[in-house]
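Before any comments, here is the structure.
Number of protein chains: 2
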Amino acid sequence: MKFRTAARADVPAVLQLLADDDISRDRGFGDAPVAEDVDAAIWAAFEEIDADPNNELIVADDDGEVVGTCQLTFTPGLSRHGARRLTIEAVRVRADRRGAGLGRELMRYALTRARERGCRIAQLTTDKRREDAHRFYAGLGFTASHEGLKLAL
Amino acid sequence: MKFRTAARADVPAVLQLLADDDISRDRGFGDAPVAEDVDAAIWAAFEEIDADPNNELIVADDDGEVVGTCQLTFTPGLSRHGARRLTIEAVRVRADRRGAGLGRELMRYALTRARERGCRIAQLTTDKRREDAHRFYAGLGFTASHEGLKLAL
Chain A
1 MKFRTAARAD VPAVLQLLAD DDISRDRGFG DAPVAEDVDA AIWAAFEEID ADPNNELIVA
61 DDDGEVVGTC QLTFTPGLSR HGARRLTIEA VRVRADRRGA GLGRELMRYA LTRARERGCR
121 IAQLTTDKRR EDAHRFYAGL GFTASHEGLK LAL
Chain B
1 MKFRTAARAD VPAVLQLLAD DDISRDRGFG DAPVAEDVDA AIWAAFEEID ADPNNELIVA
61 DDDGEVVGTC QLTFTPGLSR HGARRLTIEA VRVRADRRGA GLGRELMRYA LTRARERGCR
121 IAQLTTDKRR EDAHRFYAGL GFTASHEGLK LAL
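Have a look at this one:
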């Protein structure tokens, strides 16, 4: 298993992973594009992530097959004596590869990247309905100390 | 009241606001620097924020006096059809200016910036002990749909 930054060619597989999720389907993201006709907004987002040193789209690559993903955002800040923080978004493991420790490996890779980039805190939010996810992140040492608030614009 | 991007000269006042908070004090950030001897890590963080189009350090400026602050991070992503999101961090209103609607004005400014930047979601986390904050954000339309997980590195 190799963890690496996503290339353009990985985008359809990443979209498939993002769509393959009950809660995401509720957001109207059911039928993910899987071919070259990914829409312009998504290509633009990929290009922006790819060009931004503070954003990394990560894939778990199993001999050429994308089986997991997450996005890392490194944010400079004045709080905590100028500490950089890592925010993790859009964590997914392919349905047929769950329960075998891949998510844990992916998160360990994310936390290693955070340390390499000098982050002193890592954070993420997870839907309150995802009870398995809460246990998973608690096992990695995360503390549910905060409310995660969202507002659609 | 004017809301604007922070300049170098605002940094000591912003640090004072970040320090003036019971929970932050617990993190060992009790005695904020208030003069030119702000340490190098904090200046480096400020310079990085200032140079990054996806980060904005905002101040509420009342006739030259900094009385509130927050940091805005705009993050491109493939989820939700390539939607950009706003993450809000480090929201503070000076103790003697609380309860008069300034926090609400500051957040409305943040959400206006988010819309201008094409964000389709705004998010933040708030310590579960900050009960006043939960009511405040609920009043602005935020939903506490997620757990906010943190891990010190």
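Top to bottom, those sequences are chains A and B.
Counting in our numbering, the first sequence runs from 1 upward without gaps.
Counting in our numbering, the second sequence runs from 1 upward without gaps.
Beta carbons: idealized from backbone N, C-alpha and C, even for Gly.
Treat the numbers as computed from the prediction; the structure is a model and nothing was measured.
*Is the beta carbon of L57(B) less than 8 Å from the beta carbon of A122(B)?*
no
*asked:* Do L149(B) and Y137(A) count as a contact pair if the criterion is CB distance below 8 Å?
replied: yes
*Contact list for the stretch 110-123 of chain A against chain B, Cβ threshold 8 Å*: L111, A114, R115, C119, R120, I121, A122 and Q123
*A144(A) versus chain B: which residues are under 9 Å apart at the beta carbon?*
K128, E147, G148, L149 and K150
*Alpha carbon to alpha carbon, what distance is there between Y109(A) and V67(A)?*
15 Å
*Would you check if the stretch 84-104 of chain B and the stretch 37-48 of chain B touch, i.e. whether three or more CB-CB distances between them fall below 8 Å?*
no
*asked:* Can you check which of these residues, E147(B), A90(B), G103(B) and R115(B), is closest to K2(B) by C-alpha distance?
replied: Measuring from the Cα of K2(B), the nearest candidate turns out to be G103(B).
*CB of R4(A) within 8 Å of CB of V59(A), strictly*: yes
_Distance cutoff 8 Å, beta carbons only. Does F3(B) sit that close to anything in chain A?_
So, not an interface residue.
*Are the beta-carbon atoms of L153(B) and C119(A) separated by less than 8 Å?*
yes
*Exposed or buried, what is A90(A) when buried is set at 16 or more other beta-carbons lying within 10 Å of its beta-carbon?*
buried
*chain B residues whose Cβ lies nearer than 7 Å to that of Q71(A)*: The contacting residues are G77.
*Which residues mark the beginning and the end of the alpha helix (DSSP H) in which L124(A) is found?*
Counting along the chain, L124(A) falls outside any alpha helix (DSSP H), though it belongs to the beta strand (DSSP E) covering C119 to D127.
*C-alpha distance - D10(B) paired with V38(B), whole-angstrom precision*: 12 Å
*asked:* Taking 8 Å as the threshold (C-beta atoms), are D127(A) and S145(B) in contact?
replied: yes
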